[in-house]
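> Going down the list, the protein sequences come from chains A and B.
Heads up, the first sequence is in the numbering used here, so the first residue is 1 and it goes up one at a time.
Heads up, the second sequence is in the numbering used here, so the first residue is 226 and it goes up one at a time.
Ideal placement from N, C-alpha and C gives every residue a C-beta, glycine not left out.
No experiment lies behind these values; they were computed from the predicted model shown.
A single structure is presented below for examination.
There are 2 protein chains.
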Amino acid sequence: MEEDVKEGTSDKYSLRGRVFSRLREDILNGKYDEGVELREIAIGEELGVSRTPVREAFRQLELEGLIKIIPNKGAYVVGISDKDVRDIYILRSRLEGLAARWAVDNITEEQMEEMEENVYLAKFHTEKGHNEQIFELDNRFHELLYEASGSKILEHQLKDYHQYVLRIRKKTLASAKRGTQSNLEHEAILEAIKNKNHDDAERLAHEHMINAYKNMLDNGLIKPE
Amino acid sequence: MEEDVKEGTSDKYSLRGRVFSRLREDILNGKYDEGVELREIAIGEELGVSRTPVREAFRQLELEGLIKIIPNKGAYVVGISDKDVRDIYILRSRLEGLAARWAVDNITEEQMEEMEENVYLAKFHTEKGHNEQIFELDNRFHELLYEASGSKILEHQLKDYHQYVLRIRKKTLASAKRGTQSNLEHEAILEAIKNKNHDDAERLAHEHMINAYKNMLDNGLIKPE
DNA sequence: GCCTGTATTATTGTATACAATTGCTCTGAC
DNA sequence: GTCAGAGCAATTGTATACAATAATACAGGC
Chain A
1 MEEDVKEGTS DKYSLRGRVF SRLREDILNG KYDEGVELRE IAIGEELGVS
51 RTPVREAFRQ LELEGLIKII PNKGAYVVGI SDKDVRDIYI LRSRLEGLAA
101 RWAVDNITEE QMEEMEENVY LAKFHTEKGH NEQIFELDNR FHELLYEASG
151 SKILEHQLKD YHQYVLRIRK KTLASAKRGT QSNLEHEAIL EAIKNKNHDD
201 AERLAHEHMI NAYKNMLDNG LIKPE
Chain B
226 MEEDVKEGTS DKYSLRGRVF SRLREDILNG KYDEGVELRE IAIGEELGVS
276 RTPVREAFRQ LELEGLIKII PNKGAYVVGI SDKDVRDIYI LRSRLEGLAA
326 RWAVDNITEE QMEEMEENVY LAKFHTEKGH NEQIFELDNR FHELLYEASG
376 SKILEHQLKD YHQYVLRIRK KTLASAKRGT QSNLEHEAIL EAIKNKNHDD
426 AERLAHEHMI NAYKNMLDNG LIKPE
C-alpha cells in the first residue's frame, strides 16, 4: 500500500513524517488494537529514531483522533466504532454530494481528463480482478472529486474521512460485485459533471455513498444501528 | 474570551498546551497576518519556553490548517479567506441541519433543560445589549446542539468549524438586530426538537446558518462570491 | 556587468540530558 | 487481611546540544 496518502501534512522525508505515516497506517490497518498504549521509547526504537520525532507524530495523531494522549500518562489507540463508520458515511453522503455539485462549476480540464482516465482504467482492472489497483483508483477518484470541488475546506474534510474509513473500504471493494457497481456509479457521477447537471451530480454522489454503506451492511462488515 | 475552547486536544496545564492555545487564539484573532513566518525561537522566547513545546504546538496547528510548515524552511500563517468563511457556512448549514435532526432522537433531559435555560437567558441579555454574554450563550447553544446530536464525529467537526469562524461571528452578533433574530431562531429550533419534528429541526437549523451568513454579507463583513 | 561557486549564517531537524509526574511495590500499623 | 504511606521504577514533559539544510552574501572568472 502507498505510504503517505495525505500529502501536505506530513513530509515523508523527515523522520517525524515517516513515524507519523507509519503509525497512522498501522493503526488504520489494525496492527494496534483499541486501547493499546503506545510508548514513545518503544515506538522510537522500533523505527530507529529518538523520542522527539515520535512525540511530534503523536501530537498529530491525537488531533486526527487516532490516539488519545492523557497528560503525563500515555498515548492510547482510539478505535473506530461501527457507529463512527456509520456516522462518517452519512456525513460523507451529504458532503460528497456537495463536492460533486461544486465540481460541476470548478473542475479543471486536467482533472476532468484524469477522472475519465480513472474510470476507464478501473473498468479494466475490475474485469481482471486486480484488487490493489481497484483500491488505488477508487481512492484517486474520490480525491479528484474533492479537489475538483474548488473548496480547500471541503477537500480537507473529505480527505480526512476518506482516510479514516480506509480499513473498512479496502474490504468492501474486494468484493467483485461491489467493485463493478462502484465503478458504474463513478461513471454516472462523471457524466453528470460533464453535462453540467448540478442536481444529478449531487444526487448520484450522495447515492454512491449510501450504496457503499449498504454494501458494508449487507456483507456484515459493520453492524446496523 | 475563554481560552481553551477545544478541550480534549490540548491540556492547558502543559507548556505545549499553553503555546497551542495561545497561538491558535492569536491567529484566529488576527494578531499574525497571513503569510507571516513563525520562528520557533522567537515564539518560545515570547512565551518563555524552549523550542520543544513550540514545535509540538506547530505540528498541531498545521493539522488544523492554521499554519503551513515547509520542511527545513519555516512555519507560515494561513489566513482565513472570505471564500473559506463562505464554504464553512455552507457546510455548517448542512451539518447543523443534520445535527438538529439527530438531536431530536438523542438529546438528553439535561441537555434539553440547559438549552431551554440558554434561550431564556439569551432573551434577557439581548434586551439589555450585553454583547459578551450573548456571544457566550450563542456559543453554548450551538455546542449543546452538537453534543445532543449523539455523534462524536459530527460534534467534533462542527466544533472545529464553529471555532474557526470565531472572529467573524463575534462581529456579527454585536449587531443588536441580528442578536434578537438569532435568538428567535434558536427558540424555533428548540421547539422543533421538543416536538420531535425531525424535518422542521433540520430545516430550521439549516436556515439559521443561511441567515447568519446572509447577515454577514449584508453588513459587509465578508465579500460575496 | 553577470554568472557561478563557495563560505557563512540562520533556522529547522534530531538526539540526548534532565525534571516532573505517575503508578506500583513493599512495608508496617491496625 | 486490609489499608496507608514511603520509596522506587518507568514514563512523559521540557530544555539543550548537536546535525543537517537552506538562504544569503560575496569573491572570482568570464
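Got a sec: is the Cβ-Cβ distance from I332 (chain B) to anything in chain A below 8 angstroms?
No, its Cβ sits nowhere closer than 8 angstroms to a Cβ of chain A.
> With a cut-off of 8 angstroms, does the C-beta of S21 (chain A) fall near any C-beta of chain B?
Not one chain B Cβ lies under 8 angstroms of S21 (chain A).
> Excluding the 5 residues preceding and the 5 following R403 (chain B) in the sequence, name in chain order all residues of the same chain whose CB lies nearer than 7 angstroms to its CB.
Excluding sequence neighbours, R403 (chain B) sits near T397 and N440.
> State the beta-bridge partners of Y301 (chain B) as determined by DSSP.
Answer is B:E262 and B:K293, bridged to Y301 (chain B).
> I'd like to check one pair, R284 (chain B) with Q157 (chain A): are the Cβ atoms closer than 8 angstroms?
For Q157 (chain A) and R284 (chain B), no; Cβs fall outside 8 angstroms.
> Buried or exposed: which applies to R249 (chain B), given that a residue is buried once 16 or more other Cβ atoms fall within 10 Å of its Cβ?
So R249 (chain B) ends up on the buried side.
> Could you give the distance in angstroms between the alpha-carbon of E155 (chain A) and the alpha-carbon of K308 (chain B)?
Each residue's alpha carbon lies about 13 angstroms from the other.
> Quick one: Cα of S182 (chain A) to Cα of A212 (chain A), how far?
About 8 angstroms.
> For T108 (chain A), does the three-state DSSP call read helix, strand or coil?
Coil, per DSSP.
> Can you name, in chain order, every residue of its own chain whose Cβ lies under 6 angstroms from the Cβ of H198 (chain A), other than the five neighbours on each side?
Here the set comprises R101 and V104.
> Strictly below 7 angstroms CB to CB, what residues from chain B border S151 (chain A)?
Correct list: D312.
> Could you give the residue range of the alpha helix (DSSP H) that holds S246 (chain B)?
Element bounds for S246 (chain B): L240 to L253.
> Could you please tell me which residues of the segment 42 to 68 of chain A, in chain order, have their CB closer than 9 angstroms to any CB of chain B?
Correct list: T52, R55, E56, A57, F58, R59, Q60, E62, L63, E64, G65 and K68.
> If you measure beta-carbon to beta-carbon, which residues of the segment 182 to 195 of chain A are closer than 7 angstroms to chain B?
Listed in sequence order: no entries.
> From V274 (chain B) to Y257 (chain B), what distance separates their C-alpha atoms?
Near 19 angstroms, if we compare the C-alpha coordinates of Y257 (chain B) and V274 (chain B).
> Helix, strand or coil: how does DSSP classify Y32 (chain A) here?
DSSP places Y32 (chain A) in coil when its eight states are reduced to three.
> Would you check if the distance between the CB atom of A75 (chain A) and the CB atom of F20 (chain A) is smaller than 8 angstroms?
Against a cut-off of 8 angstroms, the Cβ pair of F20 (chain A) and A75 (chain A) comes out as no contact.
> Find the residues of chain A that neighbour R319 (chain B), judging by a C-beta separation of less than 8 angstroms, and give them in chain order.
In chain order: R94, L95 and L98.
> Taking 8 angstroms as the CB-CB cut-off, is H156 (chain A) touching chain B?
Judged by the 8 angstroms Cβ criterion, H156 (chain A) is in contact with chain B.
> Whole angstroms are fine: how far does the CA of I435 (chain B) sit from the CA of Y314 (chain B)?
When rounded, the distance between both Cα atoms is 7 angstroms.
> Answer yes or no: does any C-beta atom of chain B fall closer than 8 angstroms to that of S14 (chain A)?
Answer yes: the Cβ-Cβ gap between S14 (chain A) and chain B drops below 8 angstroms somewhere.
> Work out the CA separation of V302 (chain B) and E270 (chain B) for me, nearest whole Å.
In a straight line, the C-alpha of E270 (chain B) is about 19 angstroms away from that of V302 (chain B).
> At 9 angstroms on the CB atoms, spell out the chain B contacts of D84 (chain A), in chain order.
Going along chain B in sequence order, the residues near D84 (chain A) (Cβ under 9 angstroms) are S376, K377 and I378.
> Just the C-alpha distance for E372 (chain B) and N331 (chain B), rounded to the nearest angstrom, thanks.
Cα to Cα, E372 (chain B) sits roughly 9 angstroms from N331 (chain B).
> Let me confirm a value: N29 (chain A) is counted as buried when at least 16 other C-beta atoms fall within 10 Å, else exposed. Which label applies?
Exposed, by the Cβ-count rule.
> What is the C-beta distance between L272 (chain B) and R247 (chain B), in whole angstroms, given that I count them as a contact (C-beta under 8 angstroms)?
Indeed they touch by this definition, with Cβ atoms about 6 angstroms apart.
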